[in-house]
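Novice: Below is a structure I'd like to ask you about.
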Amino acid sequence: MDTKVGKEIEVPFGDPNLPKPKAIVLYPSQWEALQVLSTQEAGWLFQTLFRILNGEDQKELEKTLPTTVLMGLRFIMAQVKVDTEKYQQSAQSRKERNARYYEKNKKEK
-11 MDTKVGKEIE VPFGDPNLPK PKAIVLYPSQ WEALQVLSTQ EAGWLFQTLF
39 RILNGEDQKE LEKTLPTTVL MGLRFIMAQV KVDTEKYQQS AQSRKERNAR
89 YYEKNKKEK
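Take -11 as the starting number for the sequence shown in this note's numbering and just add one per residue.
Structure follows, in structure tokens:
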């Protein structure tokens, strides 16, 4: 499989004006559901995850996957969506807090 390196992730959800994550988190609790995959299927899953992180279209990639791999991918991507939304909320909160701090210090000078 070819992979594109160096592209920023394009998350199909969340606010595009906020920073996009450059990583995903895999949780030990996901192992039980994913251990049914064969070694080859697990390889397809992780290659697909990296391809998505490197900017390839998730929907297009999904068309080529066996059903078991697709299930694993969607299972992980559901958690990625939750994590991304939390990340973007905290980024927005930091942005607003920094703006208030900057305005407060600007007025004091």
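Glycine included, each C-beta is placed from N, C-alpha and C at the ideal position.
1) Which residue wins for smallest C-alpha separation from Leu41, given the options Glu20, Glu29 and Ile64?
2) Just to confirm before moving on: does the CB-CB distance between Glu48 and Leu58 stay below 8 Å?
3) For a test of the three-state rule: what should DSSP assign to Ser26, helix, strand or coil?
4) Which term fits Gln23, buried or exposed, when burial requires 16 or more other beta carbons within 10 angstroms of its beta carbon?
5) Compare the Cα-Cα distances from Thr55 to each of Lys69, Leu33, Leu37 and Thr72 and report the closest residue.
6) What number of angstroms, rounded off, separates the C-alpha of Val70 from the C-alpha of Glu44?
Specialist: A quick look at the data gives this:
1) Translated into the one-based positions of the sequence shown, residue 41 becomes position 53. Ranking the options by Cα distance to Leu41, first place goes to Ile64.
2) Translated into positions along the sequence shown, residue 48 becomes position 60. Translated into positions along the sequence shown, residue 58 becomes position 70. No; because the gap between Cβ atoms is not below 8 Å, this pair is not in contact.
3) In the sequence shown, residue 26 corresponds to position 38, counting from 1. It is coil, neither helix nor strand.
4) Indexing the sequence shown from 1 puts residue 23 at position 35. Under this definition Gln23 is an exposed residue.
5) On the sequence shown, residue 55 is found 67 positions in, with the first residue counted as 1. Of the listed residues, the one whose Cα sits closest to Thr55 is Leu33.
6) As a first step, residue 70 is located in the sequence shown; it is residue number 82 there, counting from the start. As a first step, residue 44 is located in the sequence shown; it is residue number 56 there, counting from the start. In this structure, the straight-line span from the alpha carbon of Val70 to that of Glu44 is close to 20 Å.
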